[in-house]
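Just below is one structure, and these are the notes that go with it.
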Amino acid sequence: MLGLSDKFLSNRKLESLVENQTSYTLNNAALHVFETHRQAERVLLKFDQPVLASMVEGKKIMHLRDYESFDFLPGESLVLPSNETMCIDFPEAVRKKPTRCLALAISEDKINKVLQLMNESMPKHDRSEWGLMDYNFHFVNDMGIFQILQRLLFLFTENHPSKDFFVDNMLRELIIRILQTNERKIYSNSTLQLSSNSRLATVIRYIREHLHEPLNVEDLSSKACLSPSHFYRVFKTELGISPIEFINNERIKLAVGLLQDKKRSIKNVYLECGFESRSYFNRVFKARQHLSPSDYQAKAQSEPL
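Below is the structure:
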C-alpha cells in the first residue's frame, strides 16, 4: 500500500499529536506528510499553492467552503486550489492507529507549462483546450496515479543530487493523469453543494452510513418522502447519475481503501461494502478501477517505500 517506511517514521520529528508535519521542498513542489495521533475536530489547513492531498492511513472528514462534508479515506486524493481553507475532523485517530496524509503542493508555473505542453502535443478530440480541472476534485486513485505517488514519496525523501529533475518528470505525468481522470471524480459539484437540509443530502448521508446494508430505490425514496419514480428522476437530474450508480461509486470508494489492508480477504471487503456476490463486486470494481479487486490489492500492497 501507499505507505511510509520504517526509516521515515524513525527519522521524522513527532512534535504534535494533531497534524504533525514533515516537509520536503524542491524547485517546483513541496511534499508534506501530516500525522494525527488523537481525535480532533475543526482543524484548519491551507496552502499558498495548488495542492494534491492523498490519504495514506485512517479517516478524515472534510469540510470545504459551501460543500457538503465527506469522508476522506485511503486510496483517495483531493485537488484543491491555492489558499483554499480545509476544515478537518479526525474521528478515529489514536496513538496506535494514526491518520496519515500526503499533501503535494505544486507551483502554478509548473502546472501551466504542462497545460501548454498538452495543448501543443496532445490536443483534445473536440479541439477544446486543456485547462485546470474542477478544483475540490475528489477521486479514487487509479493504479497509475497510485504508483506515481509511491515514486514521488521515494524521490522526495531520497538523498540524490538529481532529484529535482526526477521529480519534475514525475510531476508532469501526474498532472496529465489527473487531468485525464477528471471525469471520474467521486462527487459532482451538485453533490458537494447540496444544502445540508435538503432531502437528497439526507438520503446521501444515509447511504454513506449504511453502505454495508441492502439499499434500494424504494426505501431511499421513502426517506426522501417521494415516490420511487419521482425520487429517481430528481436524484439523476440533481446529481447526474442514478441512485444505484451513486451507491456503487460509494461502495467502490470504500473498497479501494479496505483493499490496501493486506489482512483483509476479498470476501471480507465486498461484504463490508454491501455487495452480495463476489462476481458483481468484481464487475463493478473493474469497470471503475480497470483492475480486478485481487489485482488491485496485490499491486497496492507491493513493497512499502
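Per my numbering: the sequence shown = residues 20 to 324. Using N, Cα and C, we set each Cβ at its ideal position, and we do this for glycine too.
(request) Decide if the region 79-94 is in contact with the region 36-47; the criterion is three or more beta carbon pairs, one per stretch, under 8 Å apart. (result) no
(message) Using only the alpha-carbon positions, how far apart do Ser140 and Leu64 sit?
(response) The count along the sequence shown starts at 1 and reaches residue 140 at position 121. The count along the sequence shown starts at 1 and reaches residue 64 at position 45. Computed Cα separation, rounded: 36 Å.
(request) Please go through the same chain and pick out, in chain order, the residues whose beta-carbon is closer than 8 Å to the beta-carbon of Thr221, but skip the five residues on each side of it. (result) In the sequence shown, the residue the question calls residue 221 occupies position 202. Excluding positions up to five away in sequence, the list reads Lys242 and Ala243.
(request) Go to Ser60, then tell me how far its beta strand (DSSP E) extends in each direction, as first and last residue. (result) Taking the sequence shown and counting its residues from 1, the one referred to as residue 60 is at position 41. The identity of residue 60 in the sequence shown is Glu, whereas the question assumes Ser. Element bounds for Glu60: Ala59 to Leu64.
(request) Might you give, ordered along the chain, the residues of its own chain that have their beta carbon closer than 8 Å to the beta carbon of Ala306, omitting 5 neighbours on each side? (result) For the purposes of this step, residue 306 is taken as the residue at position 287 of the sequence shown. No residues qualify anywhere along the chain.
(request) Since I believe Cys106 is in contact with Ala72 (beta carbons under 8 Å), could you give me their beta-carbon distance rounded to a whole number of angstroms? (result) Here the question's residue 72 lines up with position 53 in the sequence shown. Here the question's residue 106 lines up with position 87 in the sequence shown. 13 Å between Cβ atoms; not a contact.
(message) Give me, in chain order, the residues of the same chain whose beta-carbon lies closer than 7 Å to that of Val303; leave out the 5 immediate sequence neighbours on both sides.
(response) Position 284 of the sequence shown holds residue 303. Correct list, in chain order: Asn267 and Ile271.
(request) Let me know if Asp183 comes out buried or exposed under the rule of 16 or more other beta-carbons within 10 Å of its beta-carbon. (result) Numbered from 1 along the sequence shown, position 164 holds the residue referred to as residue 183. Exposed, because fewer than 16 other Cβ atoms sit within 10 Å of the Cβ of Asp183.
(request) May I have the straight-line CA-CA distance separating Glu38 from Arg252, to the nearest angstrom? (result) Taking the first residue of the sequence shown as position 1, residue 38 is located at position 19. Taking the first residue of the sequence shown as position 1, residue 252 is located at position 233. Rounded to whole angstroms, Glu38 to Arg252 spans 42 Å at the Cα level.
(request) Classify Glu87 as buried or exposed, calling it buried when 16 or more other Cβ atoms lie within 10 Å of its own Cβ. (result) Counted from its first residue, the sequence shown places residue 87 at position 68. Glu87 comes out buried.
(request) Note the first and the last residue of the continuous alpha helix (DSSP H) segment covering Asn138. (result) The residue labelled residue 138 in the question sits at position 119 within the sequence shown. Element bounds for Asn138: Glu127 to Ser140.
(request) Check the DSSP bridge columns for Phe109 and list the partner residues they point to. (result) Reading the sequence shown from its first residue, position 90 is the one you call residue 109. Paired residue(s): Ala59.
(request) To the nearest angstrom, report how far apart Lys115 and Gly293 are at their CA atoms. (result) In the sequence shown, the residue the question calls residue 115 occupies position 96. In the sequence shown, the residue the question calls residue 293 occupies position 274. Computed Cα separation, rounded: 28 Å.
(message) For Phe300, which residues in the same chain have their Cβ closer than 6 Å to its Cβ, ignoring the five residues on either side in sequence?
(response) Within the sequence shown, residue 300 is the residue found at index 281, counting from 1. So the qualifying residues of the chain are Tyr289 and Phe294.
(message) Looking only at its chain, what residues have a beta carbon closer than 7 Å to the beta carbon of Leu190, apart from the 5 residues adjacent to it on each side?
(response) Looking up residue 190 in the sequence shown gives position 171. So the qualifying residues of the chain are Asn47, Ala48, Ile125 and Lys129.
(message) Looking at Glu76: is its Cβ nearer than 8 Å to the Cβ of Thr104?
(response) On the sequence shown, residue 76 is found 57 positions in, with the first residue counted as 1. On the sequence shown, residue 104 is found 85 positions in, with the first residue counted as 1. Cβ atoms of Glu76 and Thr104: not closer than 8 Å.
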